[in-house]
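If you count the sequence shown from 1, position 71 lands on 70 in numbering that gives the first Met the number 0, and the numbers rise without skipping.
No residue lacks a Cβ here, since even glycine has one placed at the ideal position from N, Cα and C.
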Amino acid sequence: MSRARASARRRTSCRTPRSRAFSRPSPTAAARSSDPAGARDSTMSGPSKTKFVHIIYIRAAPRALWNALTQAKFTRQYYAGLELEAELKRGGRFDYLHRLEVHRRHGAGVEGVVVEVVPRKKLVHTFEPKFIEDGPSRVTYEIEPMGMVCKLTVTHDEFPEGGPTLETVKEGWPEILSSLKSLLETGRALAIPRNP
């Protein structure tokens, strides 16, 4: 065998393990790569689960962000007018209720149960809308401080197979989280116009 061929074979064999290592993207990376703009929200599907992930960066301290996620005086401003009633302990209630009794009678709101609480870092709860017929799904909030900002990752998963909740939250989460960001950074939630 000539020296040129042997050298080419050595170069090829050195590259093979490296290229294999980079050819297996993580599920999150694979989901993001489908959007050429590198958007931070994605819907991932598999044989047994569908997952909605939204990442947003908010100029706020972890305590302020945590309070906004867990206190009614904040949720009523950015969460479609719903007030949170929660017991922040495992097995506690986690319900979003409309402040007007007329809407409560018509089932406007979301019921849930707390699954996990790590103050100012992580909150997991079930999510069962009262206004549509579907079973519970799960919402996870993860807060990561990054200097003057916090990275908030919201994961909504464990949807009932074929239920309507997924389509509802695909529209709702971007609006809610954008309004949360505005509230914490400017003091005012967004007034997002609704389609007639």
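Notebook entry, point to check: So residue 157 and residue 136 are in contact, right, with Cβ under 8 Å, and what is the actual spacing, rounded?
Noted result: On the sequence shown, residue 157 is found 158 positions in, with the first residue counted as 1. On the sequence shown, residue 136 is found 137 positions in, with the first residue counted as 1. That belief holds up - the Cβ atoms of residue 157 and residue 136 are roughly 5 Å apart, short of 8 Å.
Check: Nearest-angstrom Cα distance between residue 129 and residue 175?
Finding: Here residue 129 refers to the residue found at position 130 of the sequence shown. Here residue 175 refers to the residue found at position 176 of the sequence shown. When rounded, the distance between both Cα atoms is 18 Å.
Check: Which residues in the same chain as residue 182 place their Cβ atom closer than 6 Å to its Cβ, once the five residues preceding and following it in sequence are excluded?
Finding: What you label residue 182 is simply residue 183 of the sequence shown in a count that begins at 1. 76, 77, 188.
Checklist line | beta strand (DSSP E) runs wholly inside the stretch 79 to 163, at least 3 long, in chain order | finding: Taken in chain order, the complete beta strand (DSSP E) segments of 3 or more residues contained in the stretch 79 to 163 are 81 to 85, 93 to 97, 108 to 110, 113 to 117, 121 to 128, 136 to 145, 148 to 156.
Checklist line | Buried/exposed call for residue 138, threshold 16 Cβ in 10 Å | finding: Residue 138 sits at position 139 when you count from the first residue of the sequence shown. Classification of residue 138: buried, given that the 10 Å Cβ count is 16 or more.
Check: Taking Cβ positions, are residue 113 and residue 141 nearer each other than 9 Å?
Finding: Locating residue 113 in the sequence shown gives position 114, counting from the first residue. Locating residue 141 in the sequence shown gives position 142, counting from the first residue. Result no, Cβ atoms of residue 113 and residue 141 do not sit closer than 9 Å.
Checklist line | Cβ-based burial, residue 50 [other Cβ within 10 Å; buried from 16] | finding: Locating residue 50 in the sequence shown gives position 51, counting from the first residue. Its Cβ being crowded by 16 or more others within 10 Å, residue 50 is buried.
Notebook entry, point to check: Per DSSP, what kind of secondary structure is residue 191 in: helix, strand or coil?
Noted result: Against the sequence shown, residue 191 aligns to sequence position 192. Of the three classes helix, strand and coil, the one that applies to residue 191 here is coil, per DSSP.
Checklist line | Terminal residues of the beta strand (DSSP E) in which residue 72 lies | finding: The sequence position of residue 72 within the sequence shown is 73, counting from 1. Careful: residue 72 lies outside any beta strand (DSSP E), inside the alpha helix (DSSP H) at 71 to 77.
Note to self: Give me the DSSP bridge partner(s) of residue 175.
What the structure shows: As a position in the sequence shown, residue 175 is number 176, starting the count at 1. DSSP lists no partner for residue 175.
Check: Going by beta carbon distance, what residues of the same chain come within less than 7 Å of residue 119, once the five residues before and after it are set aside?
Finding: Position 120 of the sequence shown holds residue 119. Excluding sequence neighbours, residue 119 sits near 61, 62, 65, 142.
Next item on the list: Pull up the distance between the alpha-carbon of residue 146 and that of residue 132, whole angstroms please.
Entry: Against the sequence shown, residue 146 aligns to sequence position 147. Against the sequence shown, residue 132 aligns to sequence position 133. The straight-line gap from Cα to Cα measures roughly 42 Å.
Check: Between the Cα of residue 53 and the Cα atoms of 185, 171, 71, which residue gives the shortest distance?
Finding: Taking the sequence shown and counting its residues from 1, the one referred to as residue 53 is at position 54. Taking only the C-alpha atoms, the option nearest residue 53 is 171.
Note to self: On the DSSP letters alone, give me the boundaries of the beta strand (DSSP E) that residue 48 sits inside.
What the structure shows: Reading the sequence shown from its first residue, position 49 is the one you call residue 48. It is not in any beta strand (DSSP E) - residue 48 carries neither H nor E in the DSSP assignment.
Next item on the list: Rank 144, 151, 163, 152 by C-alpha distance to the C-alpha of residue 134 and give the top, closest one.
Entry: As a first step, residue 134 is located in the sequence shown; it is residue number 135 there, counting from the start. Among 144, 151, 163, 152, the Cα nearest to that of residue 134 is on 163.
Margin query: Within 10 Å of its beta-carbon, does residue 153 have 16 or more other beta-carbons around it, so buried, or fewer, so exposed?
Written below: Position 154 of the sequence shown holds residue 153. With 16 or more other Cβ atoms within 10 Å, it is buried.
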